[in-house]
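Comments concern the structure below.
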Amino acid sequence: MTILTSLVIYLLVGAFAGTLAGLFGIGGGLIIVPALILSFHLQGVGTDAMTHLAVGTSLATIAFTSLSSIRTHHQKGGVRWDIFRPMAVGIVIGAALGAQTAALLSGPMLQKIIGVFALLMAVRMVWDVKPKASRDVPGAVGLGSAGGFIGWASAIFGIGGGTLTVPFLSWCNVRMQAAVGTSAACGLPIAVAGAVANVYTGWGEPHLPPYSAGFIYLPALIGIVLTSVPFARVGAILAHKLSHVWLKRTFALLLLVVGSHFLIA
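Using our numbering, the first residue of the sequence shown is number 584, and each one after it goes up by one.
Written out as structure tokens, the structure is:
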């Protein structure tokens with residue numbers, strides 16, 4: 584497969600991921616990682632490397648695409664920077680450790696872990712599982728610890744952390760708009776720390792395709808970033824024209840198929 588063909592594929596992946604992210608109101612990681620694993624499989628990337636490469640590349644794309652989201656939420660006063668700052672400290676440490684943890688796992692094992700996570704997210708969407716607001720926002724140590732866990736898990740799954748951060752902040756009685764905006768801000772340190780750590784852990788890996796920087800595949804990074812942001816706006820427009828219940832069930836079904844495939848592959 585030529586580099587030009589690969590770039591076209593990743594432009595399409597970015598458009599697809601961006602549209603679905605806009606439709607379902609989530610970060611693209613849950614979509615980008617499975618799409619990249621399939622793409623790398625078609626390119627003949629070895630099984631030991633392709634899942635790590637998908638996770639690292641996904642985090643790198645989120646580092647770019649999260650900037651516009653943060654700007655929008657900040658302009659609307661939707662980011663609780665007092666919560667973000669202590670969480671960010673834990674997030675950076677946790678994301679670096681998460682990338683190291685992922686590097687210790689075999690490709691097939693990491694793929695199965697991501698599959699289980701996708702299934703759990705599908706169940707959560709179908710039954711609309713949400714933690715009840717039952718406590719106050721913890722202090723700096725508590726927020727830093729929560730950030731550490733969220734960063735660690737997000738770096739393993741290749742996501743921006745919204746599926747974990749929003750429920751945590753809602754549990755802490757943070758209003759939903761602020762929870763979403765603060766979660767978007769938290770996605771940047773997760774992505775940057777996770778991407779840098781994946782460059783480091785994957786550097787010198789012998790089974791990576793050309794144009795890789797550690798566990799980041801540069802053609803995929805460029806293609807996805809170029810199309811995911813504008814198509815996220817398309818997805819957001821469509822989301823206002825389609826049934827919310829139908830959207831949730833459709834995405835849950837997509838996650839169910841992806842998770843099941845990863846577990847039996």
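Glycine is no exception: its CB is placed at the ideal position from the N, C-alpha and C atoms.
Do residue i and residue j have their CB atoms nearer than 8 Å?
{"i": "F740", "j": "F700", "result": "yes"}
{"i": "G734", "j": "V675", "result": "yes"}
{"i": "T640", "j": "V812", "result": "no"}
{"i": "G730", "j": "G777", "result": "no"}
{"i": "I645", "j": "G787", "result": "no"}
{"i": "A685", "j": "A738", "result": "yes"}
{"i": "A550", "j": "I586", "result": "What the structure shows of the chain is the stretch from 584 to 848, and residue 550 is not part of that stretch, so it cannot be assessed."}
{"i": "G727", "j": "A632", "result": "no"}
{"i": "A736", "j": "G681", "result": "yes"}
{"i": "L619", "j": "A803", "result": "yes"}
{"i": "A742", "j": "L613", "result": "With the sequence shown as reference, residue 742 is identified as Ile, and Ala is not the correct amino acid for it. Going by C-beta atoms, I742 is nearer than 8 Å to L613."}
{"i": "R832", "j": "A761", "result": "no"}
{"i": "G661", "j": "V763", "result": "yes"}
Hey, how far is the Cα of residue i from the Cα of residue j?
{"i": "W710", "j": "L636", "result": "32 Å"}
{"i": "G698", "j": "H844", "result": "7 Å"}
{"i": "R718", "j": "T748", "result": "15 Å"}
{"i": "L837", "j": "V591", "result": "23 Å"}
{"i": "I615", "j": "G722", "result": "34 Å"}
{"i": "S652", "j": "A604", "result": "12 Å"}
{"i": "H823", "j": "V817", "result": "10 Å"}
{"i": "V775", "j": "P792", "result": "22 Å"}
{"i": "T602", "j": "T630", "result": "28 Å"}
{"i": "A716", "j": "I820", "result": "30 Å"}
{"i": "G555", "j": "L621", "result": "Past the edges of the chain, shown from 584 to 848, lies residue 555, and the structure says nothing about it."}
{"i": "Q694", "j": "P617", "result": "9 Å"}
{"i": "F814", "j": "D665", "result": "32 Å"}
{"i": "F623", "j": "I847", "result": "18 Å"}
{"i": "N781", "j": "A835", "result": "29 Å"}
{"i": "W829", "j": "R707", "result": "15 Å"}
{"i": "R654", "j": "S589", "result": "31 Å"}
{"i": "L625", "j": "Y593", "result": "13 Å"}
{"i": "A768", "j": "M759", "result": "14 Å"}
{"i": "Q658", "j": "L702", "result": "35 Å"}
{"i": "L606", "j": "A600", "result": "10 Å"}
{"i": "L875", "j": "Y783", "result": "Look at the range of the chain in this structure, 584 to 848, and you will see that residue 875 is not part of it."}
{"i": "A801", "j": "G611", "result": "Looking at the sequence provided, one finds Leu at residue 801 rather than Ala. When rounded, the distance between both Cα atoms is 17 Å."}
{"i": "Y794", "j": "F667", "result": "34 Å"}
{"i": "L642", "j": "A705", "result": "21 Å"}
{"i": "S826", "j": "C755", "result": "29 Å"}
Across which residues does DSSP place residue i in a beta bridge pair?
{"i": "F800", "result": "The amino acid occupying residue 800 in the given sequence is Tyr; Phe does not appear at that position. In the DSSP output, where bridge partners are listed per residue, Y800 has S795."}
Considering just the uninterrupted stretch of the alpha helix (DSSP H) at residue i, what are its terminal residues?
{"i": "C769", "result": "759 to 785"}
{"i": "V706", "result": "690 to 710"}
{"i": "T849", "result": "The requested residue 849 is not part of the displayed model; the chain covers only 584 to 848."}
{"i": "R654", "result": "630 to 658"}
{"i": "G611", "result": "It is not in any alpha helix (DSSP H) - G611 carries neither H nor E in the DSSP assignment."}
{"i": "S737", "result": "723 to 740"}
{"i": "D665", "result": "664 to 687"}
Going by C-alpha distance, which of the options is nearest residue i?
{"i": "K713", "options": "Q683, A780, T746, L804", "result": "T746"}
{"i": "V841", "options": "L830, A803, I696, I820", "result": "I696"}
{"i": "M670", "options": "G725, F814, V782", "result": "G725"}
{"i": "L595", "options": "I807, G744, R758", "result": "I807"}
{"i": "L688", "options": "A768, V638, L830, T833", "result": "V638"}
{"i": "H790", "options": "T634, T810, L825", "result": "T634"}
{"i": "Q683", "options": "L801, L825, V779", "result": "V779"}
{"i": "S753", "options": "G744, F732, V720", "result": "V720"}
{"i": "H656", "options": "I805, S766, C755, L825", "result": "S766"}
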